[in-house]
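This report concerns only the one structure given below.
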Amino acid sequence: MEQLNQDVKDKLEKVCVCRGITKESIKNSIRNGNKTVEAVAEDTGATKGGCKGFRCKGKIEDLIAEFGTEWN
-13 MEQLNQDVKD KLEKVCVCRG ITKESIKNSI RNGNKTVEAV AEDTGATKGG
37 CKGFRCKGKI EDLIAEFGTE WN
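The numbering of the sequence shown is the numbering used here, which starts it at -13 and goes up by one.
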């Protein structure tokens, strides 16, 4: 049940608010082998909004650090 709750939160939580990119999308990109902010951005469109990554780059880096080695 806890994992289900986290999955729902990931679908709702926006990492890139300018483009509306969810945490789920970022995590899926990392799971699919994208291990840099640039690769995740190319895959998802994150960091391409009005702030040019100012608000989301750090969040993406944190997610890569947290999950990047887990999903090799």
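Note that CB positions come from ideal geometry on N, CA and C, so glycine has one too.
Closer than 7 Å by C-beta to residue i: which residues in its own chain qualify, once you throw out the five before and the five after it? Chain order, please.
i      : result
Gly6   : Lys0
Cys42  : Val1, Cys2, Ala32 and Thr33
Ile117 : Given that the chain is displayed from residue -13 to residue 58, the structure contains no residue 117 and the question cannot be resolved.
Lys37  : Looking at the sequence shown, residue 37 is not Lys but Cys. Correct list, in chain order: Cys4.
Suppose contacts are defined by Cβ-Cβ distances below 7 Å. Is residue i in contact with residue j by that definition?
i     : j     : result
Gly44 : Lys21 : no
Asp29 : Lys9  : no
How big is the Cα-Cα spacing for residue i and residue j?
i        : j        : result
Leu(-10) : Val3     : 23 Å
Gly35    : Glu(-12) : 32 Å
Ala25    : Trp57    : 15 Å
Following the continuous alpha helix (DSSP H) through residue i, name the residue where it begins and the one where it ends.
i       : result
Val(-6) : Glu(-12) to Leu(-2)
Item to check | Contained alpha helix (DSSP H) runs [length at least 4] in the stretch 11 to 45, N- to C-terminal order | outcome: You should have 23 to 30.
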